[in-house]
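K.L.:
Can you read through this structure? Questions will come right after.
Numbering (the working numbering), first residue to last: 8 to 303.
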């Protein structure tokens, strides 16, 4: 029995590593398409480290495959120091494969339409970055730099990323032209939204806390009609619309997808119109009675 469990654990770990390697390879191929099929032939930019590499390529003429590796070296080291050596290794592997992809795979130039270049170039590049992140690494070291700076300053990760991209787009406006900088912003927007979609999927998870005097009926509704799990937290009422109250109450906590939240709220309203609901997005969940997301 013990040997069987060990074998299953090894097989599960091997399957996970294979899946992550496939994600990184697909991410590299997609990012290569975005760069060589759309952005690079038309002198377009993106945000982040990829954007810095593209800007340097335009101004210096150095091959993008070389610049991608050189510019990302400090961020690989930061990833090793800030995250883990496994993360740094996967990131180095992904960036190395991207450089090989840019150097040797002959992607066709798809279009010269500037709007299509910005939107679909950003889409393929964002899909590549997102898939690489699903594989446990990154193709763009901006996030690693943002984590490093945020731990040593009052800025959040989001603030650091915004500042970096403002500097990149400002440099593009100064050294190239304003139009290129504006299209770079559009490309970055398309890429960032695609990354979010690849990481979180269309069915984002929503956590809901429900405070209701009819909590038992609401609990049965969630478990029986919606077939979702629920956790009952013991609480005590404080101050509300009806003034101070000190009686105990059960607080319900459930996780549903974004596509299920409207139905849940409608059903709760049928049971208790005065129920107090708190909902917030969560990055991911594991286990429990939740609807699995495809390919996640």
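Note that the Cβ used here is the ideal one computed from N, Cα and C, for glycine as well.
Buried or exposed: residue 45, going by 16 or more other Cβ atoms within 10 Å of its Cβ?
P.N.:
Taking the first residue of the chain shown as position 1, residue 45 is located at position 38. Label assigned to residue 45: buried.
K.L.:
So what does DSSP say about residue 200, is it helix, strand or coil?
P.N.:
To locate residue 200, count along the chain shown from 1; it is residue 193. If DSSP states are grouped into helix, strand and coil, residue 200 belongs with the helices.
K.L.:
Considering only residues of the stretch 38–116, which uninterrupted alpha helix (DSSP H) runs meet the minimum length of 4 residues and lie entirely inside it, listed in chain order?
P.N.:
Within the stretch 38–116, the complete alpha helix (DSSP H) runs of at least 4 residues are 55–67, 71–89, 92–111.
K.L.:
Just grab the DSSP bridge partners of residue 264 for me.
P.N.:
As a working mapping, residue 264 is identified with position 257 in the chain shown. BP columns for residue 264 point to 212.
K.L.:
For residue 133, which residues in the same chain have their Cβ closer than 6 angstroms to its Cβ, ignoring the five residues on either side in sequence?
P.N.:
Locating residue 133 in the chain shown gives position 126, counting from the first residue. Within the same chain, residue 133 has close Cβ partners 198, 201, 202.
K.L.:
Could you give the residue range of the beta strand (DSSP E) that holds residue 238?
P.N.:
Residue numbering aside, residue 238 sits at position 231 when the chain shown is read from its first letter. That run of the beta strand (DSSP E) goes 238–243.
K.L.:
Assuming residue 136 is part of the alpha helix (DSSP H), what are its boundary residues?
P.N.:
In the chain shown, the residue the question calls residue 136 occupies position 129. Here the alpha helix (DSSP H) through residue 136 covers 121–141.
K.L.:
In whole angstroms, what is the alpha-carbon distance linking residue 244 and residue 39?
P.N.:
On the chain shown, residue 244 is found 237 positions in, with the first residue counted as 1. On the chain shown, residue 39 is found 32 positions in, with the first residue counted as 1. If you take the alpha carbons of residue 244 and residue 39, they lie about 56 angstroms apart.
K.L.:
Over the uninterrupted beta strand (DSSP E) stretch that includes residue 284, give me the two end residues.
P.N.:
The residue labelled residue 284 in the question sits at position 277 within the chain shown. Element bounds for residue 284: 283–289.
K.L.:
Residues in its own chain within less than 7 angstroms of residue 114 by CB, not counting five upstream and five downstream?
P.N.:
Position 107 of the chain shown holds residue 114. Taken in chain order, the residues that qualify are 39, 40, 43, 44.
K.L.:
Assuming residue 284 and residue 272 form a contact by the criterion Cβ under 8 angstroms, report the distance between their Cβ atoms to the nearest whole angstrom.
P.N.:
Here residue 284 refers to the residue found at position 277 when the chain shown is read from its first residue. Here residue 272 refers to the residue found at position 265 when the chain shown is read from its first residue. The Cβ separation is near 7 angstroms, so the contact holds.
K.L.:
I need the straight-line Cα distance from residue 98 to residue 81, nearest angstrom please.
P.N.:
Taking the first residue of the chain shown as 1, we reach residue 98 at position 91. Taking the first residue of the chain shown as 1, we reach residue 81 at position 74. Looking at the two C-alpha atoms, the distance is approximately 12 angstroms.
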